[in-house]
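What follows is one structure encoded as structure tokens, with my remarks underneath.
Numbering (our numbering), first residue to last: 97 to 423.
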């Protein structure tokens with residue numbers, strides 16, 4: 097009687113089969129025209145939402161916790177738009193290797209204008225963005241708008257075949273990756289060369305992150321953009337995006353102001369101020385486009401142990417900022 101495969105081998109086989117199935121599905125969907133595929137994917141996402149309920153329930157939970165004052169009819173409208181965004185993202189992933197200048201012209205509106213995108217992106221620097229709009233397609237737009245190189249901080253997928261696939265897909269648009277397990281010296285060197293380094297910085301940072309107020313709750317937040325910005329005096333660009341009802345993506349860029357004071361005497365204070373500013377800037381965008389935030393991700397997964405102390409600290413912090421602004 098043959099010995100059963102060890103658990104590690106079974107897990108490896110399962111991951112490979114998951115990858116193969118994903119390739120078959122994406123390959124099949126890629127035969128359909130872009131608009132038709134978008135409608136098909138929206139129907140699939142809606143059907144899966146009704147069958148399982150988990151996706152819709154998590155989106156609904158996060159929206160209600162962030163906007164407790166919104167009536168149920170408005171919440172349901174936001175949920176439907178948000179679910180439709182998931183189908184846009186899936187559709188754009190299928191399309192990404194084939195995206196060209198015509199696609200960008202037809203499906204992406206660069207705000208405030210194309211010239212601003214070219215000017216900011218060609219200077220290089222740190223790009224900070226959250227899960228608002230489609231960060232993958234925004235990356236393609238960046239590469240079609242400037243002559244610079246784009247590197248994106250990314251966590252390796254647990255499935256090595258899927259990870260390699262995603263890496264090849266991004267590489268098809270000249271988007272390069274810096275993995276979070278690589279040395280920070282790589283990013284520092286690229287920034288010194290005037291390249292673009294992007295941080296999708298509103299992931300849950302776990303117990304190692306600092307808690308910042310975000311949409312009425314405390315969210316564990318990475319300090320990566322703040323740390324690199326403190327170490328290297330390069331431009332910082334804030335990015336956001338949102339969809340209209342037809343699936344067109346509006347991609348907005350602006351220069352982001354670094355804290356004015358010298359970081360050397362108190363680096364932690366400087367990084368905290370930088371991070372607070374960008375978290376609040378993202379919050380402002382989410383309040384303007386609440387249906388377009390990626391409510392499915394676990395932004396508030398890590399809970400603070402000292403919530404009362406945090407509340408007191410941030411109330412004092414914001415009170416001090418208001419008094420400085422008035423004076």
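Even for Gly, the Cβ is constructed at its ideal location relative to N, Cα and C.
Quick caveat: nothing in here was measured; it's all calculated off a predicted structure.
Starting from residue 207, trace the beta strand (DSSP E) both ways and give me its first and last residue. 204-207
Measuring CB to CB, does residue 229 end up less than 7 Å from residue 291? Their beta carbons are not under 7 Å apart, which means residue 229 does not touch residue 291 by this criterion.
I need the DSSP call for residue 313, collapsed to helix, strand or coil. Here residue 313 sits in strand by DSSP.
Given a threshold of 16 other Cβ atoms within 10 Å of its Cβ, counted over all protein chains shown, does residue 119 qualify as buried or as exposed? exposed
Spatial neighbours of residue 255 within its chain, please: CB distance less than 7 Å, with the 5 preceding and 5 following residues excluded, ordered by chain position. 111, 114 and 115
Hey, could you find the ends of the alpha helix (DSSP H) residue 366 is sitting in? 363-384
Nearest-angstrom Cα distance between residue 293 and residue 213? Approximately 15 Å, taken between the alpha carbons.
Have a look at 405, 360 and 333 and flag the residue whose alpha-carbon is nearest the alpha-carbon of residue 377. 333
Is the beta carbon of residue 178 less than 7 Å from the beta carbon of residue 387? yes
Given that a residue counts as buried once 16 or more other Cβ atoms are within 10 Å of its Cβ, and exposed if not, what is residue 121? exposed
Run the CB neighbour count on residue 181, radius 10 Å, all protein chains shown included, and call it buried at 16 or more, exposed below. buried
How close, in whole Å, do the beta carbons of residue 391 and residue 158 come, if the pair is a contact with beta carbons under 8 Å? 4 Å
What three-state label does DSSP hand residue 226 in the structure shown? The DSSP-derived three-state label of residue 226 is coil.
Would you decide whether residue 372 is buried or exposed? Buried here means 16 or more other CB atoms lie within 10 Å of its CB. With 16 or more other Cβ atoms within 10 Å, it is buried.
Go through the region 261-343 residue by residue and report every complete run of the alpha helix (DSSP H) that reaches 4 residues or more, in order. 280-288 and 320-327
To the nearest whole angstrom, what separates the beta carbons of residue 66 and residue 316, a pair I think is in contact under 8 Å? Since the first residue of the chain shown is 97 and the last is 423, residue 66 is not available in this structure.
In or out: residue 148 buried (at least 16 other Cβ within 10 Å) or exposed? Per the 10 Å Cβ criterion, exposed.
Residues near residue 154 by beta carbon distance below 8 Å, same chain, minus five either side: 391 and 392
What residue from 287, 368, 226 and 306 has the CA that sits closest to residue 400's CA? 306
Just list the alpha helix (DSSP H) runs in the region 134-168, keeping only unbroken ones of 4 residues or longer that don't cross its boundaries, in chain order. 150-162
Distance between residue 314 and residue 288 (C-alpha atoms, nearest Å): So the alpha carbons of these two residues sit roughly 34 Å apart.
I need the DSSP call for residue 249, collapsed to helix, strand or coil. strand
Burial state of residue 206 (16 or more Cβ within 10 Å): buried
Would you report the Cα separation of residue 409 and residue 140, rounded to the nearest angstrom? Looking at the two C-alpha atoms, the distance is approximately 46 Å.
Select from 257, 277, 265 and 282 the residue whose C-alpha is nearest the C-alpha of residue 250. 277
Would you call the region 266-273 and the region 241-248 touching, i.e. three or more CB-CB distances under 8 Å? Contact holds: three or more Cβ-Cβ distances are below 8 Å.
In terms of residues, what are the limits of the alpha helix (DSSP H) holding residue 217? 210-219
What is the residue span of the beta strand (DSSP E) that residue 346 lies within? 345-351
Out of 331, 340 and 127, which one is the CA nearest neighbour of residue 218? 331
Thinking C-alpha only, which one of 353, 358, 364 and 161 is nearest residue 374? Looking at the Cα atoms, 353 is the closest of the given residues.
Let me know if residue 152 comes out buried or exposed under the rule of 16 or more other beta-carbons within 10 Å of its beta-carbon. buried
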